[in-house]
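For reference, each letter of the sequence shown is one residue, going 8 to 411 in this note's numbering.
C-beta atoms are modelled at their ideal positions from N, C-alpha and C, and glycine is treated no differently.
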Amino acid sequence: MEAAQSIILDLGTSSVRCGFSGEDLPRSIFPSKLPKEKEGREVMKLLGRMEGIDGKVESVDVGGKEVGLGEVMERGEIKNWELLTPLLEHTFTTHLDLATDALSHPILISEPPLASKESREKLTEIMFEVFKVQGVCFCNSSVLSLFASGRTRGMVVECGSGKTNVVPVFEGFSLPHAILNLPAAGQDVTEYLQKNIQDKLGYNVVKDMKHSLANCKPVTGPNSIRSKVEYSLPDGTPIQIDGVYTSAACDLLFNPDEYGIDNVDGGIGEMVGKCMEMVDKDVRQDMERNVVMAGGTTMIDGFTERLNEEILKSEGLERLKDEWQKQNIGERIGELPGTNLNVIPNKTGREPGYNSQRKHAAWIGGSIMASLDTFQSIQITKQDYEDSGANGEYKKLVHRKAVV
8 MEAAQSIILD LGTSSVRCGF SGEDLPRSIF PSKLPKEKEG REVMKLLGRM EGIDGKVESV
68 DVGGKEVGLG EVMERGEIKN WELLTPLLEH TFTTHLDLAT DALSHPILIS EPPLASKESR
128 EKLTEIMFEV FKVQGVCFCN SSVLSLFASG RTRGMVVECG SGKTNVVPVF EGFSLPHAIL
188 NLPAAGQDVT EYLQKNIQDK LGYNVVKDMK HSLANCKPVT GPNSIRSKVE YSLPDGTPIQ
248 IDGVYTSAAC DLLFNPDEYG IDNVDGGIGE MVGKCMEMVD KDVRQDMERN VVMAGGTTMI
308 DGFTERLNEE ILKSEGLERL KDEWQKQNIG ERIGELPGTN LNVIPNKTGR EPGYNSQRKH
368 AAWIGGSIMA SLDTFQSIQI TKQDYEDSGA NGEYKKLVHR KAVV
């Protein structure tokens, strides 16, 4: 392996994606949880097989001993810094086969939109002080996702496990004043199904059921599903699920207030419409023509079509239409907002590869970004850190170079 390859790290709410620059897909994907206690860390290698462990399990039995597991992430943010370093060590040694005493690679870290400066600074210190990396670069996950689709302009709708973000991006940088988020995503869809189906099933079984049966059809109306749907459990046992729940589980992302989720900006469609209002009119067409979905939850059946419908009827877009009508009395200048709405990927789009892999979009974008000749200019190097670390000047540098 060439020393110049960069480590690409995407720390998600439910899973970690890791690999190297230039690779098409993450080399490894595993849960972002691990034993709470130091004495339980000898089971680290077990975690490489934790895809089969219930996503909400709090402990595992190892050799007759109950080992408690802790969550490192919560809603896309690092919540347990004490567990982060062991998780990173596990990532580098078990999944990337690297010695952690001195990593001879730079690292690109995907971070959530509007990530805190404190979090970025702590991660920088850990990478240089503990793992001795050659360089660190932080990139907004939505910017990377857009990059993975082959674009530098557009509006990213990023819906993974813990949070949904709507992020306008122009020429490779987000527009922070117009970023909106919803504190609900895939895990909430799974938990809704688990709570409402009659059979009490494990989280991972319901998660698989979500990907097999859940859909984004409206809960009411002519296109709603009312009949029972059948699902086969892992042991082959068939069960019947009320069809309304397979739709309602995803409906909570579009109508959160109806499911007890408080969000001042409304559901995803309303958020996109409001975001359109908030960006400068000169970039609005770029946003409208390139609404790019990212994250595993957007792969649920019918998500593209439902999002398109919700945006077109959003209050934000209606206000833009009213404004356009008033400004264009007598002479039509420009096109009516919503005319060129393009939610990506879609059936007629040019992104067949992106369509099937968008659950890894942020990681893929990072792999591409770190392969470019310009990557050196956006990372803080080991020398930069050593020269300015003592007086904390590296903090200014790492924020200045971050692709946010």
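Task: For T171, three-class secondary structure by DSSP - done: strand
TODO: Measure how close the beta-carbons of G169 and G83 come, nearest whole angstrom, since I'm counting them as under 8 Å.
DONE: 5 Å
- [ ] Between the Cα of F27 and those of G345, K40, W370, V212, spot the shortest distance and give me the residue it belongs to.
- [x] W370
Task: Continuous alpha helix (DSSP H) stretch holding F27: start and end - done: F27 -> not in any alpha helix (DSSP H); beta strand (DSSP E) instead, spanning 22–27.
Task: Contacting residues, own chain, Cβ-Cβ under 7 Å from S219 (five flanking each side not counted) - done: Excluding positions up to five away in sequence, the list reads Y238.
Task: 8 Å Cβ cutoff, K124 in contact with chain B - done: The chain labelled as chain B is not found in the depicted structure, where only one protein chain is given.
Open item on the list: Between the alpha carbons of K129 and P344, how many angstroms are there, rounded?
Closed with: 43 Å
Task: Expected contact under 8 Å - CB spacing of I275 and L260 to nearest Å - done: 5 Å
Task: Cross-strand partners of E268 (DSSP beta bridge) - done: For the record, residue 268 in the displayed sequence is Ile; it is not Glu. DSSP, once it has assigned bridges, lists no residue as partnering I268.
Open item on the list: Determine whether the beta carbon atoms of L41 and I114 lie at a separation below 8 Å.
Closed with: no
Task: DSSP beta-bridge partners of T388 - done: G142
Open item on the list: If I follow the unbroken beta strand (DSSP E) through I318, where does it start and stop?
Closed with: No beta strand (DSSP E) contains I318, which is instead part of the alpha helix (DSSP H) from 310–319.
Open item on the list: Considering only the alpha carbon of each residue, which of N349, E125, S152, N315 lies closest to R296?
Closed with: N349
Task: Three CB pairs or more closer than 8 Å across the region 321–328 and the region 207–214 - done: no
- [ ] Pick helix, strand or coil for L324, following the three-state DSSP scheme.
- [x] helix
Open item on the list: Tell me the DSSP secondary structure of N362 in three-state form.
Closed with: helix
Open item on the list: Please report the straight-line C-alpha distance between N315 and M300, rounded to a whole angstrom.
Closed with: If I take the Cα positions, the gap works out to 11 Å.
Task: Segments of 4+ residues assigned as alpha helix (DSSP H) that fall wholly inside the region 281–310 - done: 291–296
TODO: Run the CB neighbour count on A191, radius 10 Å, all protein chains shown included, and call it buried at 16 or more, exposed below.
DONE: buried
- [ ] Identify, in the order they occur along the chain, each residue of the same chain with its Cβ nearer than 6 Å to the Cβ of F138, setting aside the five sequence neighbours on each side.
- [x] T107, L110
Task: Residues near S378 in its chain [Cβ-Cβ closer than 7 Å; skip 5 each side] - done: Excluding sequence neighbours, S378 sits near S28, G29.
Task: Exposed unless 16 or more other CB atoms sit within 10 angstroms - verdict on R407 - done: exposed
Task: C-alpha distance - T101 paired with V226, whole-angstrom precision - done: 44 Å
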